[in-house]
């Protein structure tokens, strides 16, 4: 009889939780998981755009090589930087791992710098600048760099919002009582965020 009485509250628990869910939602329970998912979605878009850039590079390098094969050091630097940037293992845990996030950020910055140097070299090759394949790659790269900038900005905003939910009232109450395993996400540093995207506007200047 005692066992039957003890099991009754357990059996009622799902019903009680269903009744409490609207109250939990209304008092901010969903704030943390909603902000977390928004930040993760923004991070996915950052990865998508960096991958898009990485996918453009082999064709870009081959096109430049056809006109400027002796720029071997510059071309090799881009290939090496791309390899380093794409070899970093990125998992959901990366967002709350300072060292892993820093490695990802530094490798992408290294690729940005290598691309900038390669594109500066192109200025010395008018025939390459007029090549239709290069012009198409130029347009794609320019669009991708713009998308990267937007994706990074959206991620920075989403992470700022999520991290605030773990520190501010009333959501901090849920962080303490319920979402105890949630950690703040890493964000792009100010210095790296302000790096200029590679200049890709190689339109031929017309005489005055």
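Numbering (this note's numbering), first residue to last: 12 to 219.
Don't be surprised by glycine CBs; every beta carbon is placed ideally from N, CA and C.
Cα-Cα separation between residue i and residue j, rounded to whole angstroms
i: residue 2; j: residue 163; result: With the chain covering 12 to 219 only, the question about residue 2 has no answer from this structure.
i: residue 57; j: residue 129; result: 23 Å
i: residue 195; j: residue 168; result: 13 Å
i: residue 2; j: residue 81; result: Coverage of the chain is limited to positions 12 through 219, which leaves residue 2 absent and any answer about it impossible.
i: residue 244; j: residue 79; result: Outside the shown range of the chain, which is 12 to 219, sits residue 244, and nothing can be said about it.
i: residue 111; j: residue 120; result: 14 Å
i: residue 132; j: residue 145; result: 14 Å
i: residue 87; j: residue 125; result: 9 Å
i: residue 94; j: residue 39; result: 44 Å
i: residue 177; j: residue 104; result: 17 Å
i: residue 174; j: residue 122; result: 29 Å
i: residue 183; j: residue 199; result: 24 Å
i: residue 114; j: residue 99; result: 8 Å
i: residue 190; j: residue 41; result: 11 Å
i: residue 68; j: residue 181; result: 47 Å
i: residue 152; j: residue 171; result: 28 Å
i: residue 197; j: residue 59; result: 18 Å
i: residue 84; j: residue 73; result: 14 Å
i: residue 116; j: residue 192; result: 25 Å
i: residue 77; j: residue 127; result: 19 Å
i: residue 97; j: residue 179; result: 36 Å
i: residue 43; j: residue 154; result: 33 Å
i: residue 148; j: residue 70; result: 8 Å
i: residue 165; j: residue 75; result: 33 Å
i: residue 48; j: residue 109; result: 19 Å
i: residue 89; j: residue 106; result: 26 Å
Where residue i falls, given that 16 or more other Cβ within 10 Å makes a residue buried
i: residue 143; result: exposed
i: residue 54; result: buried
i: residue 185; result: buried
i: residue 187; result: exposed
i: residue 91; result: exposed
i: residue 150; result: exposed
i: residue 118; result: buried
i: residue 46; result: buried
i: residue 141; result: exposed
i: residue 102; result: exposed
The region 63-72 touching the region 150-170, judged by at least three CB pairs closer than 8 Å: yes
4-residue-minimum alpha helix (DSSP H) runs that sit fully inside the region 91-166, ordered along the chain: 109-133, 137-140
Contained alpha helix (DSSP H) runs [length at least 4] in the region 43-98, N- to C-terminal order: 83-98
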